[in-house]
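Quick notes on the structure that follows.
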Amino acid sequence: MSDALRAEWTKLRTIAGTWWLMVGAVAVTVAASAGIAASTHVSPGGSGGASGAGQDPTKLSLIGVDLGQAVVAVLAVLAVTEEYGAGMIRVTLAAIPRRGVMLGAKAVNIAGLALVTGAPAVAGCLIAGRLLLPEAGLGPAHGYALLSIAHGPTLRAAFGSVLYLGLIALLSLGIGTVFRDPAVSAGIVLGLLYLPPLLAQLLSGPWRRHIQQIAPMTAGLAIQATRNIRSLPISPWAGLGVLAAWAAGMLLVGLAVLKARDA
Amino acid sequence: MSSLVEPSRSGGFRGALLSEWTKFRTVRGWMIGVVLAALMVVLFTFLQANGMHTGYCTTPNPSSCVTGHQYVPTGPAGDAVADTYELVAKRLTGDGTITARITSLAGRIWAGPANEAPSLSDTRPGLTSWAKAGLLITPSTKQGSSYAAVMATGSHGVRLQYDYTHDRAGLPGSISSTAPRWLRLTRTGDTITGSDSSDGTNWRRIDSAHLARLPTTVYVGLFATSPTTSEGSATQAMASFDHIAIDSVANGAGQAAPGAWHATSIGTGPQDYYTRLGNGSYRQARDSIVVTGSGDIAPAVASAGGDTASDSLLFGLVVALIVLIVIGTMFITSEYRRSLIRTTFAATPDRGRVLAAKAVVIGGVAFAVGAVAAAVAIPLGEHVMSANGNYIFPADSLTVARVIVGSGALVALTAVAVLGIGTILRRSAGAILVGVVVFVLPTFTGPGIIGPTSSGGAAMWLYRVTPAAGFSMLGLLPRSGLVSYPYTMANGYYPLPPWAGLLVLGAYAAAALFAARVVLRRRDA
Numbered sequence: 428m429s430d431a432l433r434a435e436w437t438k439l440r441t442i443a444g445t446w447w448l449m450v451g452a453v454a455v456t457v458a459a460s461a462g463i464a465a466s467t468h469v470s471p472g473g474s475g476g477a478s479g480a481g482q483d484p485t486k487l488s489l490i491g492v493d494l495g496q497a498v499v500a501v502l503a504v505l506a507v508t509e510e511y512g513a514g515m516i517r518v519t520l521a522a523i524p525r526r527g528v529m530l531g532a533k534a535v536n537i538a539g540l541a542l543v544t545g546a547p548a549v550a551g552c553l554i555a556g557r558l559l560l561p562e563a564g565l566g567p568a569h570g571y572a573l574l575s576i577a578h579g580p581t582l583r584a585a586f587g588s589v590l591y592l593g594l595i596a597l598l599s600l601g602i603g604t605v606f607r608d609p610a611v612s613a614g615i616v617l618g619l620l621y622l623p624p625l626l627a628q629l630l631s632g633p634w635r636r637h638i639q640q641i642a643p644m645t646a647g648l649a650i651q652a653t654r655n656i657r658s659l660p661i662s663p664w665a666g667l668g669v670l671a672a673w674a675a676g677m678l679l680v681g682l683a684v685l686k687a688r689d690a
Numbered sequence: 017m018s019s020l021v022e023p024s025r026s027g028g029f030r031g032a033l034l035s036e037w038t039k040f041r042t043v044r045g046w047m048i049g050v051v052l053a054a055l056m057v058v059l060f061t062f063l064q065a066n067g068m069h070t071g072y073c074t075t076p077n078p079s080s081c082v083t084g085h086q087y088v089p090t091g092p093a094g095d096a097v098a099d100t101y102e103l104v105a106k107r108l109t110g111d112g113t114i115t116a117r118i119t120s121l122a123g124r125i126w127a128g129p130a131n132e133a134p135s136l137s138d139t140r141p142g143l144t145s146w147a148k149a150g151l152l153i154t155p156s157t158k159q160g161s162s163y164a165a166v167m168a169t170g171s172h173g174v175r176l177q178y179d180y181t182h183d184r185a186g187l188p189g190s191i192s193s194t195a196p197r198w199l200r201l202t203r204t205g206d207t208i209t210g211s212d213s214s215d216g217t218n219w220r221r222i223d224s225a226h227l228a229r230l231p232t233t234v235y236v237g238l239f240a241t242s243p244t245t246s247e248g249s250a251t252q253a254m255a256s257f258d259h260i261a262i263d264s265v266a267n268g269a270g271q272a273a274p275g276a277w278h279a280t281s282i283g284t285g286p287q288d289y290y291t292r293l294g295n296g297s298y299r300q301a302r303d304s305i306v307v308t309g310s311g312d313i314a315p316a317v318a319s320a321g322g323d324t325a326s327d328s329l330l331f332g333l334v335v336a337l338i339v340l341i342v343i344g345t346m347f348i349t350s351e352y353r354r355s356l357i358r359t360t361f362a363a364t365p366d367r368g369r370v371l372a373a374k375a376v377v378i379g380g381v382a383f384a385v386g387a388v389a390a391a392v393a394i395p396l397g398e399h400v401m402s403a404n405g406n407y408i409f410p411a412d413s414l415t416v417a418r419v420i421v422g423s424g425a426l427v428a429l430t431a432v433a434v435l436g437i438g439t440i441l442r443r444s445a446g447a448i449l450v451g452v453v454v455f456v457l458p459t460f461t462g463p464g465i466i467g468p469t470s471s472g473g474a475a476m477w478l479y480r481v482t483p484a485a486g487f488s489m490l491g492l493l494p495r496s497g498l499v500s501y502p503y504t505m506a507n508g509y510y511p512l513p514p515w516a517g518l519l520v521l522g523a524y525a526a527a528a529l530f531a532a533r534v535v536l537r538r539r540d541a
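Heads up: the sequence lines are chains A and B, in that order.
Those letters in the first sequence? Residues 428 to 690, per our numbering, in order.
Those letters in the second sequence? Residues 17 to 541, per our numbering, in order.
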């Protein structure tokens, strides 16, 4: 297993795009969060528009993860689909004939990379939020505490967001293994992530809630909520659990497909 | 002979086009994907429309709530209109004139909580800008009837308005006892002429209105109404008239029309959609009449609570967009992946021509997907929404055609842009990432992900400067300069006019294609 891990690690770190995508993921995440924080103007108690009541500064400052996850997902999709494109997969499977070990090694590596990418990205988001949100009307002057990971729910949101990115990477790896083509896999991953929230916006009543409970992105991002947790469609850790189930399920399907078909 | 060169050159592009089309149609996965994309537009339109229900309550008591929509009148031109006002009128047979002086126009605004039914118990004084009172001629007191009226307004001066959408300014300034306004309407056949005067002697013609098929006997009289403020508060207007005279030509010049004044509250039933403040009334004292009314005579806007034919189309189109982004990317990147691109360039050395041929093929296919799907989905969605009790704003066939063409163009321009991005990046996953992030995410970051937490301004800008502007082509909600209403994203209005929005998306596609062409020529395949 350690040989398999090292082999996968060598491949992953020497693919030209990997480091660029990681840097890109951090940059995009922090930039999106900072941009949203800078353009937000919450009027204290005002009616209409964004009112001060019920704002969640932690969730708002982590909003860049919504965007950054797309880069992480593509990184993970490429880790497996590139091998099919270049025919490398045959060499890989000749070296590591046990499909489970090969996929497991890939999963460990790609999840590790996603966590390593996620940690500075989330830290950057929180720093940006701490600096910018008081200007937006979400600071101590308006009854909101400065963002700090000493605050339990904020720590959970930050830690959970990093885990979220790791799980997104595993989900994407599973989908990439099933579909083999980078374009088709990336399209399916991004569609699976971004379409359900839009659909939920357009529906009303119980359907909206059910979609938010089972869709990987809306369920998983419940981990970012620090206020009004009772009114969430799904509780933070249960939501992350739903995403973990998606990731595990897709990896299992990937493994089954990998075992069943010829490379 | 130069003509020997010419056909081969045009044949060159046609040849490239033919070979690209052959490449496209023989990949079974792409053809299936394209058909699936169109089917998904229709399927999701149905699902979305099926989830949209409307109901309303006529009193705060929940037992008064019913499913279905409130009544929105339809004007003579087939548009949705507001037609709620107080009319104090007589019957006039044949040609004639009504003249009156309006000496005051005052109003009240509901000051209670927004979620309570407005009543006169909690108001503050104030006159909304489009409060209206003056003289009106109409063949019928049925809502949505044709009319012509000359009126004083809250802050738009004297206006001549007819048939809900036509408007011409008269004397400026607001009404007071020191600055009264004289108003006059003259009927001659089907033509109604409106005039105004500040002293009753020097009259100025404002404009004439032509009301088709006006019957011989019409209602002529005084009216007052007052629309909701732009914040949505109901209002009431009270106008005082004197020197009132109705001269009938049939009875001989200078002869007043016979009969007593008769007051009618138009559009005040519980099922009418317009939010009113109090009931209309009139009071007659010797030579003066005071009329009080609430409502509006104007085009209906989104506050009428209706949906549009394209409302259930959005999600399905986004799904189709993602499918076409994948196919548009693969149309070029799979050639790099399989090194087919070298064969392609060997066959057609002009690389710009190859790119153009690819753009035409993928753009044409994508347009067909969007347009055909929209043409099927729009009537389907409209039917389902109506069956669910929703009010659908009427749209003429030309406007619906614009939405269908717009849906096709939206998908086509996105596919062409992604083809350009794929050509530049040569890698499918990266191109799809850029395609989805740039062309799909802005569409629902506005109302969707960041909408609830960010101010409406940010969403507004997303739909102005990002490719999401292309969705302006779906905009069907009526808007009018005669109604002060916040035409914002939050209320369902796109910030750009339809074609301007498509132009923004087109600029992105053109830029991507241009960059692709430059890169393609410079580097080795």
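C-beta atoms are modelled at their ideal positions from N, C-alpha and C, and glycine is treated no differently.
Query, Result
"Let me check you understand the geometry: is the CB of residue 516 (chain A) closer than 7 angstroms to at least one non-hydrogen atom of the ligand ATP?", "In the structure shown, the ligand ATP is absent, as is every other ligand, since no ligand is present at all."
"What residue does the beta strand (DSSP E) around residue 108 (chain B) start on, and which one ends it?", "101-109"
"State buried or exposed for residue 637 (chain A), treating a residue as buried only when at least 16 other CB atoms are found within 10 Å of its CB.", "exposed"
"Run through the segment 388-458 of chain B for me and flag every whole alpha helix (DSSP H) of 4 or more residues, listed as ranges in chain order.", "413-441, 444-455"
"Which term fits residue 486 (chain A), buried or exposed, when burial requires 16 or more other beta carbons within 10 angstroms of its beta carbon?", "buried"
"Quick check for students: name the residue ranges of the beta strand (DSSP E) that lie wholly in the segment 36-92 of chain B, counting only runs of 3 or more.", "71-73, 81-83"
"Looking only at its own chain, which residues have a Cβ that is under 6 angstroms from the Cβ of residue 231 (chain B), when we skip the five neighbours before and after it?", "155"
"Leaving out five residues on either side along the sequence, give the residues of the same chain with a beta carbon under 7 angstroms from the beta carbon of residue 512 (chain A).", "609"
"To which residues of the same chain is residue 675 (chain A) closer than 7 angstroms at the C-beta, ignoring the five residues directly before and after it?", "none"
"With burial defined as no fewer than 16 other Cβ atoms inside 10 Å of the residue's Cβ, what is the status of residue 86 (chain B): buried or exposed?", "buried"
"Using 8 angstroms as the limit for Cβ to Cβ distance, is residue 442 (chain A) near chain B?", "no"
"I'd like to confirm the pairing. Which residues does DSSP put opposite residue 241 (chain B) in its beta bridges?", "B:148"
"Quick one, which of B:517, B:493, B:121 has its alpha-carbon nearest residue 508 (chain B)'s?", "B:493"
"By the criterion of Cβ-Cβ separation under 9 angstroms, what are the contact partners of residue 540 (chain A) in chain B?", "Within 9 angstroms Cβ-Cβ: nothing; residue 540 (chain A) doesn't reach chain B, min ~15 angstroms."
"Beta strand (DSSP E) containing residue 257 (chain B): first to last residue?", "251-264"
"Could you give the uninterrupted runs of the alpha helix (DSSP H) lying entirely in the segment 583-641 of chain A, keeping only those of 4 residues or more?", "609-629, 633-641"
"What does DSSP give as the partner residue(s) for residue 14 (chain B) in the beta ladder?", "For residue 14 (chain B) there is no data in the structure shown, the boundaries of chain B being 17 and 541."
"Compare the beta carbon distance of residue 592 (chain A) and residue 581 (chain A) with 8 angstroms and say whether it is the shorter of the two.", "no"
"With a cut-off of 8 angstroms, does the C-beta of residue 609 (chain A) fall near any C-beta of chain B?", "yes"
"Between residue 602 (chain A) and the rest of its own chain, which residues show a CB-CB distance below 8 angstroms, the 5 nearest in sequence each way excluded?", "504, 612, 615, 616, 619, 677, 681"
"Which residue marks the beginning of the alpha helix (DSSP H) containing residue 327 (chain B), and which one marks its end?", "Note, residue 327 (chain B): premise wrong, no alpha helix (DSSP H); not H, not E."
"Do residue 553 (chain B) and residue 236 (chain B) have their CB atoms nearer than 8 angstroms?", "Because chain B in this structure spans residues 17 to 541, residue 553 (chain B) falls outside the shown range and cannot be described."
"Could you check whether the Cβ of residue 446 (chain A) sits closer than 8 angstroms to any Cβ belonging to chain B?", "no"
"What three-state label does DSSP hand residue 428 (chain A) in the structure shown?", "coil"
"Taking 8 angstroms as the limit between beta carbons, can you name the residues of its chain near residue 649 (chain A), skipping five residues before and five after?", "659, 660, 661, 662, 663, 665, 666, 667"
"Beta strand (DSSP E) containing residue 167 (chain B): first to last residue?", "164-169"
"Near residue 534 (chain B), what residues of its chain come up, given a Cβ to Cβ distance below 8 angstroms and the 5 sequence neighbours on each side ignored?", "none"
"Please tell me whether residue 353 (chain B) has its Cβ less than 8 angstroms away from any Cβ of chain A.", "yes"
"Across which residues does DSSP place residue 211 (chain B) in a beta bridge pair?", "B:200, B:221"
"Pick from B:313, B:259, B:316, B:244: whose alpha carbon is nearest that of residue 216 (chain B)?", "B:259"
"Counting only Cβ-Cβ distances shorter than 9 angstroms, please list the residues of the segment 330-347 of chain B near chain A, keeping chain order.", "330, 331, 334, 335, 338, 339, 341, 342, 343, 345, 346"
"Determine the DSSP secondary structure at residue 1 (chain B), reduced to helix, strand or coil.", "No information on residue 1 (chain B) is available, as it lies outside the stretch 17 to 541 that chain B covers here."
"Suppose the cutoff is 7 angstroms on Cβ atoms and the five residues either side in sequence are ignored; what does the same chain contact list for residue 510 (chain A) look like?", "516, 519"
"To which residues of the same chain is residue 494 (chain A) closer than 7 angstroms at the C-beta, ignoring the five residues directly before and after it?", "455, 456, 459"
"For the candidate residues A:623, A:445, A:462, A:522, whose alpha-carbon lies nearest to that of residue 428 (chain A)?", "A:522"
"Could you tell me which of B:275, B:303, B:444 sits nearest to residue 354 (chain B), measuring between CA atoms?", "B:444"
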